[in-house]
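Take a look at the structure below.
Protein chains: 2
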Amino acid sequence: MTKHRFSATEREGVYRAIAERRDMRHFLPDPVAPEIMSRLLEAAHMAPSVGYMQPWRFIRISDAKLRVAMVALVEEERRETAAALDERGEEFMRLKVEGIRECPELWVVVLTDRRERYVFGRRTMPSMDMASASCAIQNLWLAARAEGIGMGWVSLFDPAKLKAMLKAPADSDPIAILCLGHVEEFYRQPMLEQKGWDKRKELTTVIWENYWSANEIS
Amino acid sequence: MTKHRFSATEREGVYRAIAERRDMRHFLPDPVAPEIMSRLLEAAHMAPSVGYMQPWRFIRISDAKLRVAMVALVEEERRETAAALDERGEEFMRLKVEGIRECPELWVVVLTDRRERYVFGRRTMPSMDMASASCAIQNLWLAARAEGIGMGWVSLFDPAKLKAMLKAPADSDPIAILCLGHVEEFYRQPMLEQKGWDKRKELTTVIWENYWSANEIS
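Same order as they appear, the protein sequences are chains A and B. Just so you know, we're using our numbering here: the first sequence kicks off at 1251 and counts up by one. Just so you know, we're using our numbering here: the second sequence kicks off at 1251 and counts up by one.
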């Protein structure tokens, strides 16, 4: 117990957002109120970033032609992935992996250009920019859950092609297509668990002491 | 408004955790109750992961010799970073960048080995493993804030050397040294802002529409 601890209900809100957040692929057509979108983006922008670099840029896709092109881009990668997955390819093709066509809010998160200027915390760990932007996306995701808004993070795309589509510089890197919207229901479990793709590991198998352990049931 | 929206106080908890989370480098010596640490790790493990790969492994450092070795490892990288920072090197050396020596809970997060088995969402975006583990760390960070526990994410280390120290496999990747503990006060602003290292960008400069924009004030 400390004086810095939140109230029981506030804590419950945090743990509930964490537990009930889902990677959504089903959306209702109702628009998301602009003031909610603003709060979500503010939440994202409050994320930690290595050396305070704030590498994230958020691009809202309102152009219908761009959206159609993104649907095709993801479909292309979905087929490539199925082929690469080999014996699980067919099972993968039966999964709904995104809601790009139907989500009322479609966003792309891009790591900004000229990131080599930021050395603090990245000299040996350049991918800390990806880490920081992922924390921003997780903030957005949790805030969205609290607002009753569903979100999905799609990473099934060729980043070079998406970059070209958005006329983004060669040294920028799109890392996420985010689909947001109201939902009929949040999945009770992660969808990949509901569909039998995989299950959650026991917590004890991912926590070790002092040294790497080989006790993982994989 | 939707039926899925949290209560006002629960929402406030989520937004407050996001707004008041800080990258802490000052800790009190009081131990963190094991049941709190368990809740934080459970929160981390509820993070989204690409293709449900759950790439995160958490190693608790209880061995004092390992801790001393990690202090030296980070100090080495701190000096290398200062040298690489050139004209801002001296200013950087005056910053307190970690609390490894004093934090009561010291953890390393490692991306597990044999991750090439996971193709779903990673064929063109292999660093989605880093993204997923970063979401887990952000969950832990926000839950810690709600519990009144401070956390710092240190990335100033040579990952190959840390891997060797922890006897981790060649194809695993340590991504974070996490320092946790009670704190006297949470910084009112990010410490790097308080110390004048950099400031938060205006939100409007990181949000664009349809295409890359060059309106950023850098």
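A virtual CB, placed ideally from N, CA and C, is assigned to each residue, including glycine.
Beta-carbon proximity check, residue i vs residue j, cutoff 8 Å
i         : j         : result
B:Leu1390 : B:Ala1293 : yes
B:Gly1349 : B:Phe1436 : no
B:Leu1361 : B:Ser1422 : yes
B:Tyr1302 : A:Asp1448 : yes
A:Glu1347 : A:Pro1424 : Strictly speaking, residue 1347 of chain A in this sequence is Val, with Glu absent from that position. No, they are not a contact pair.
A:Met1287 : A:Met1401 : no
B:Val1334 : A:Arg1373 : Note on identity: in this sequence residue 1334 of chain B is Ala, with Val being the wrong assignment. The answer is yes: Cβ separation under 8 Å.
B:Leu1392 : B:Arg1271 : yes
B:Leu1442 : B:Trp1403 : no
B:Val1300 : A:His1254 : no
B:Ala1383 : B:Pro1305 : yes
B:Thr1252 : A:Gly1398 : yes
B:Lys1451 : B:Leu1345 : no
A:His1295 : A:Ala1426 : no
B:Trp1458 : A:Ile1309 : yes
B:Glu1260 : A:Glu1262 : yes
B:Arg1324 : B:Phe1407 : Here residue 1324 of chain B turns out to be Val, not Arg, going by the sequence shown. Yes, the pair counts as a contact, with Cβ atoms nearer than the cut-off.
Per-residue contacts from residue i into chain A (C-beta, under 9 Å)
i         : result
B:Ala1314 : The contacting residues do not exist; B:Ala1314 stays about 10 Å from chain A at best.
B:His1276 : Under the 9 Å cutoff, chain A gives no residues; its nearest Cβ is about 13 Å from B:His1276.
B:Leu1356 : In chain order: nothing, as chain A lies at least about 10 Å away.
B:Ala1414 : Those do not exist, as B:Ala1414 stays about 11 Å from chain A at its closest Cβ, beyond 9 Å.
Coil, strand or helix - residue i by DSSP
i         : result
A:Asp1408 : coil
B:Val1456 : helix
B:Ile1309 : strand
A:Val1360 : strand
A:Pro1284 : helix
A:Ser1468 : Reliability fails at A:Ser1468, whose pLDDT of 46 lies under 50, so the model's placement of it is uncertain and no value is given.
B:Ile1425 : strand
B:His1295 : helix
B:Arg1261 : helix
A:Gln1444 : helix
A:Arg1344 : coil
B:Lys1449 : coil
B:Lys1315 : helix
B:Glu1435 : coil
B:Lys1413 : helix
A:Ala1373 : In the sequence as presented, Ala is not what sits at residue 1373 of chain A; that position holds Arg. If DSSP states are grouped into helix, strand and coil, A:Arg1373 belongs with coil.
A:Gly1339 : helix
B:Tyr1302 : helix
B:Arg1329 : helix
A:Ser1463 : coil
A:Ile1239 : Any property of residue 1239 of chain A remains undetermined from this structure, which presents chain A solely from 1251 to 1468.
B:Ala1334 : helix
B:Arg1255 : coil
A:Leu1323 : helix
A:Ala1420 : coil
A:Leu1278 : coil
A:Tyr1368 : coil
Per-residue contacts from residue i into chain B (C-beta, under 8 Å)
i         : result
A:Phe1342 : Phe1370
A:Glu1429 : With the sequence shown as reference, residue 1429 of chain A is identified as Cys, and Glu is not the correct amino acid for it. Correct list: empty, because the minimum Cβ distance to chain B is about 13 Å.
A:Arg1328 : Under the 8 Å cutoff, chain B gives no residues; its nearest Cβ is about 10 Å from A:Arg1328.
A:Val1318 : Within 8 Å Cβ-Cβ: nothing; A:Val1318 doesn't reach chain B, min ~13 Å.
A:Arg1261 : Gly1263, Ala1396, Glu1397
Per-residue contacts from residue i into chain A (C-beta, under 7 Å)
i         : result
B:Leu1417 : The question names Leu, but residue 1417 of chain B in the sequence shown is Lys. Simply Tyr1461, Trp1462.
8 Å Cβ cut-off: residues of chain A touching residue i
i         : result
B:Gly1398 : Met1251, Thr1252, Lys1253, His1254, Arg1255, Phe1256
B:Ala1322 : Simply none; closest approach about 15 Å.
B:Glu1337 : The premise fails here: B:Glu1337 is roughly 12 Å from chain A at the closest Cβ pair, so nothing lies under 8 Å.
B:Asp1408 : Thr1374
Identified DSSP bridge partners for residue i
i         : result
B:Glu1355 : B:Leu1430
B:Asp1273 : B:Met1401
7 Å Cβ cut-off: residues of chain B touching residue i
i         : result
A:Pro1281 : Within chain B, no residue comes near A:Pro1281; the closest Cβ sits about 12 Å away, beyond 7 Å.
A:Ile1311 : Asn1460
A:Asp1448 : Tyr1302
A:Pro1440 : Tyr1302
A:Ile1350 : The premise fails here: A:Ile1350 is roughly 14 Å from chain B at the closest Cβ pair, so nothing lies under 7 Å.
A:Asp1273 : Pro1298
Within chain B, partners of residue i - CB distance below 9 Å
i         : result
A:Lys1451 : His1295, Gln1304
A:Leu1291 : Leu1453, Val1456, Ile1457
A:Val1433 : Thr1252, His1254
A:Leu1361 : Per Cβ cutoff of 9 Å: no residues; A:Leu1361 is ~10 Å from chain B at best.
A:Pro1284 : Under the 9 Å cutoff, chain B gives no residues; its nearest Cβ is about 12 Å from A:Pro1284.
Checklist entry - Would you call the segment 1411 to 1421 of chain B and the segment 1254 to 1267 of chain A touching, i.e. three or more CB-CB distances under 8 Å? => result no
Checklist entry - How do the segment 1312 to 1331 of chain A and the segment 1374 to 1387 of chain A stand: do at least 3 beta-carbon pairs fall below 8 Å, yes or no? => result no
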